[in-house]
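A.B. asks: Handing you this structure, nothing more for now.
2 protein chains.
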Amino acid sequence: MTDLDDFTITIVGLGLMGGSLGGALRGQCRVVVGVARRPETVERALARGLIDRGTTDLADGVATADVVVLATPVRVILDLIPQIGPLLPEGCLLMDLGSTKTHVVRAMQRLPAHVQPLGGHPMCGKEVSGIAAADPALYRGCTFILSPLAHTSERAMALGQALARAAGAHPLVLDAGRQDFLVGTVSHLPYLLACALVSTADATTSADPAAWQIVASGFRDTSRVAGSDVTMMLDILMTNREDILKALEHFDAALHKLYHLVESSDEQNLRMTLDVIREKRREMFP
Amino acid sequence: MTDLDDFTITIVGLGLMGGSLGGALRGQCRVVVGVARRPETVERALARGLIDRGTTDLADGVATADVVVLATPVRVILDLIPQIGPLLPEGCLLMDLGSTKTHVVRAMQRLPAHVQPLGGHPMCGKEVSGIAAADPALYRGCTFILSPLAHTSERAMALGQALARAAGAHPLVLDAGRQDFLVGTVSHLPYLLACALVSTADATTSADPAAWQIVASGFRDTSRVAGSDVTMMLDILMTNREDILKALEHFDAALHKLYHLVESSDEQNLRMTLDVIREKRREMFP
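Listed in order, the protein sequences are those of chains A and B. Note that the working numbering gives residue 221 to position 221 of the first sequence, counting from 1, and the numbers run on in steps of one. Note that the working numbering gives residue 124 to position 124 of the second sequence, counting from 1, and the numbers run on in steps of one.
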């Protein structure tokens, strides 16, 4: 197994994801360098012990890095990739933490040959963003998707997996297109449903002051992800549009089926349908 | 404040809701009597210390009751109300725990004059059902909706509130129609969304073995209530049909709005819409 002991790891972007990763890796590698746009963010990351060293200068931050992790919203990652390529030392592994991978991997294909590229997507998060919410335990137990490119070396791949494991996550290798299709349904669709649910409650029941006294745990849970960072989600929606629209169309059909079963009071088929769904949910989360 | 010390409380139906209520009230009133259809259920409730005394005979169970709580699915409650009326002692308070109230309150209007009727709906639950899942802490901190009838006495109302508080819940008085409209959106709609989401994932991504390794907490939370007891949910859907269909129509419009914003890549309006929704969610759960 690859050991991180001797490596310098630079994290670009010290928000929830980047700050948490720094905190998780610090002490397991030679040094964790943090790069942020604002000096206050660097100071807070240092004060919280999430990084060993910090800078607002990208070139300085990556100059001696063995691994660079881009931890910004997806479209900032897409802007950073061509900028950062020429700044990276020979053999440096360039990873990212973006939630969509097709565009990222495409941008990584144009990196100079001395860089080892590897798409990454840890399946964890919170509805709070920024360094203040960073938590070194955030990655523990989550699946960390890795999307290699055709020319990603075995050594680079092993290093990416070691990094995921060092953060407490389980690496899972998935082609970028397949990952985008799957997360479109299991992650991006639930976000839009949560948003539409909040919007519905706001339009129909929020005029009644009793409404918010009775919101049950079902509503709280189903709407939770509607609190996610909007800039991050907007980037996701715009870079996984096709898969998300397809997932929405499937969902629409499933919901209309339920609507018609309720409307027609077709109890026998409604029970059968709900029984099958309940069983599926149990298979998914035994 | 009304004291339950001297009261005999009979709970009809010893599933998750009834068993948990028994466990919560036991020791705070003279005696908790449990009535179930099957002798095994009565035995389990006694063995778990959820009731003081149990029987499978409805007439015997309610003969000396000061309060009777119907804790079965809604349509069994509707069947029980006319049967149980003549069996109740003079002045007995008859409550229920059904999730929809319009039909229940209508059935309670036909009870004999010696009975004090009060609709009840505690906003708590789990996706597991039956006495095995009963938990005396289930009601703690939840809102317990009480829907009085025109002739419900102040004394009966105070007793209902005392019972809710003794279980650890916060009583909230709401007219039956208003409660059904509100829970249609904040409770029954999230159930159908969770079901349609599971159904979508099953239809689109479940063929890929990687799908279930990457289900993030967003999906788990948004789909949680799809595991709810089907008989209970079917009764709810059938007795709150109109309000649920209206909530579904509102949701459908909200989701289509989001669909079109994503489809047309109208980022400015999408961001504005998502920002408003995020703010609303924060107001709902500060």
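All C-beta atoms, glycine included, are put in the ideal place defined by N, C-alpha and C.
With a threshold of 16 other CB atoms inside 10 Å of the CB of A/Asp6, please say whether the residue is buried or exposed.
C.D. replies: exposed
A.B. asks: By the criterion of Cβ-Cβ separation under 7 Å, what are the contact partners of A/Gln213 in chain B?
C.D. replies: Per Cβ cutoff of 7 Å: Thr143, Leu172.
A.B. asks: Within the 8 Å Cβ cut-off, does A/Ser147 reach chain B?
C.D. replies: no
A.B. asks: Can you pull the chain B residues whose beta carbon is under 7 Å from the beta carbon of A/Gly227, in chain order?
C.D. replies: Residues of chain B passing the Cβ test: Arg278, Arg281, Arg282.
A.B. asks: Please report the straight-line C-alpha distance between A/Ala254 and B/Thr239, rounded to a whole angstrom.
C.D. replies: 22 Å
A.B. asks: Strictly below 8 Å CB to CB, what residues from chain B border A/Ile244?
C.D. replies: Val262
A.B. asks: Helix, strand or coil for A/Gly218, going by three-state DSSP, please let me know.
C.D. replies: helix
A.B. asks: Within 8 Å of any Cβ in chain A, is that where the Cβ of B/Leu97 sits?
C.D. replies: no
A.B. asks: For B/Glu90 and B/Met123, I'd like the C-alpha separation in whole angstroms.
C.D. replies: B/Glu90 and B/Met123: Cα-Cα distance of roughly 30 Å.
A.B. asks: Scan the segment 182–201 of chain A for residues whose Cβ lies nearer than 8 Å to a Cβ of chain B and list them as they occur along the chain.
C.D. replies: Leu182, Val183, Thr185, Val186, Ser187, Leu189, Pro190, Tyr191, Leu192, Leu193, Ala194, Cys195, Ala196, Leu197, Val198, Ser199, Thr200, Ala201
A.B. asks: Considering just the uninterrupted stretch of the alpha helix (DSSP H) at A/Asp60, what are its terminal residues?
C.D. replies: 58–62
A.B. asks: Quick check on the DSSP output: the alpha helix (DSSP H) that includes A/Leu193 runs from which residue to which?
C.D. replies: Run containing A/Leu193: 189–204, per the alpha helix (DSSP H) assignment.
A.B. asks: Return the bridge partner residues of A/Thr55 from the DSSP annotation.
C.D. replies: DSSP output for A/Thr55 lists A/Val35 as bridge partner(s).
A.B. asks: Could you give the uninterrupted runs of the alpha helix (DSSP H) lying entirely in the segment 58–144 of chain B, keeping only those of 4 residues or more?
C.D. replies: 58–62, 74–84, 102–108
A.B. asks: Does B/Asp57 pass the burial test, meaning 16 or more other C-beta atoms within 10 Å, or should it be called exposed?
C.D. replies: exposed
A.B. asks: Can you name the start and end residues of the beta strand (DSSP E) that A/His151 belongs to?
C.D. replies: Element bounds for A/His151: n/a, residue is neither H nor E.
A.B. asks: State the CB to CB distance for the pair A/Ala166 and A/Gln28, rounded to an integer number of angstroms; the pair is presumed to be in contact (CB under 8 Å).
C.D. replies: For a cut-off of 8 Å, the C-beta gap from A/Ala166 to A/Gln28 is around 5 Å, short enough to register as a contact.
A.B. asks: How many angstroms separate the CA atom of A/Gln212 from the CA atom of B/Ile145?
C.D. replies: A small fix is needed here, since residue 212 of chain A is Trp in this sequence, not Gln. In this model, A/Trp212 and B/Ile145 are separated by some 13 Å (Cα to Cα).
A.B. asks: Rounding to the nearest angstrom, what Cα-Cα distance links A/Ala133 and A/Gly19 in this structure?
C.D. replies: Cα to Cα, the separation comes out at about 9 Å.
A.B. asks: Cβ of A/Gly15 less than 8 Å from any chain B Cβ?
C.D. replies: So no, A/Gly15 is outside the interface.
A.B. asks: Counting only beta-carbon atoms, is B/Gly218 nearer than 8 Å to chain A?
C.D. replies: yes
A.B. asks: Decide yes or no for the touch test of the segment 60–70 of chain B against the segment 81–95 of chain B: beta carbon pairs closer than 8 Å, at least 3 of them.
C.D. replies: Yes, they touch.
A.B. asks: Please decide whether A/Leu248 counts as near chain B, where near means a Cβ-Cβ distance under 8 Å.
C.D. replies: yes
A.B. asks: Which residue wins for smallest C-alpha separation from A/Ile51, given the options A/Gly98, A/Pro39, A/Val76, A/Leu25?
C.D. replies: A/Leu25
A.B. asks: Compare the C-beta of A/Met232 against all C-beta atoms of chain B and say whether one is closer than 8 Å.
C.D. replies: no
A.B. asks: Please classify B/Glu114: is it buried, with 16 or more other beta-carbons within 10 angstroms of its beta-carbon, or exposed?
C.D. replies: Rather than Glu, the amino acid found at residue 114 of chain B in this sequence is His. The residue in question, B/His114, is exposed, as its Cβ has fewer than 16 Cβ neighbours within 10 Å.
A.B. asks: Which of the three DSSP states is assigned to B/Leu174 in this structure?
C.D. replies: coil
A.B. asks: To the nearest angstrom, how far is the alpha carbon of B/Phe285 from that of A/Asp221?
C.D. replies: 11 Å
A.B. asks: Kindly indicate which residue of A/Ala137, A/Arg38, A/Val173 has the alpha-carbon position closest to the one of A/Thr152.
C.D. replies: A/Val173
A.B. asks: Tell whether a beta-carbon distance below 8 Å holds between A/Gly160 and A/Leu118.
C.D. replies: yes
A.B. asks: For B/Val292, report the span of its beta strand (DSSP E) as first-last.
C.D. replies: Only positions 1 to 286 of chain B appear in this structure, which leaves residue 292 of chain B out of reach.
A.B. asks: Compute the Euclidean distance between the alpha carbons of B/Gly98 and B/Ala203, then round it to the nearest angstrom.
C.D. replies: 33 Å
A.B. asks: My understanding is that A/Leu182 touches B/Thr205, with C-beta atoms under 8 Å, so please give their C-beta distance in whole angstroms.
C.D. replies: The Cβ separation is near 5 Å, so the contact holds.
A.B. asks: Run through chain A and tell me which residues come within less than 8 Å of B/Thr205, C-beta to C-beta.
C.D. replies: Phe181, Leu182, Thr185, Val186
A.B. asks: Are the CB atoms of B/Ala176 and B/Thr231 within a distance shorter than 8 Å?
C.D. replies: no
A.B. asks: Shorter than 8 Å from the beta carbon of B/Leu78 to some beta carbon of chain A?
C.D. replies: no
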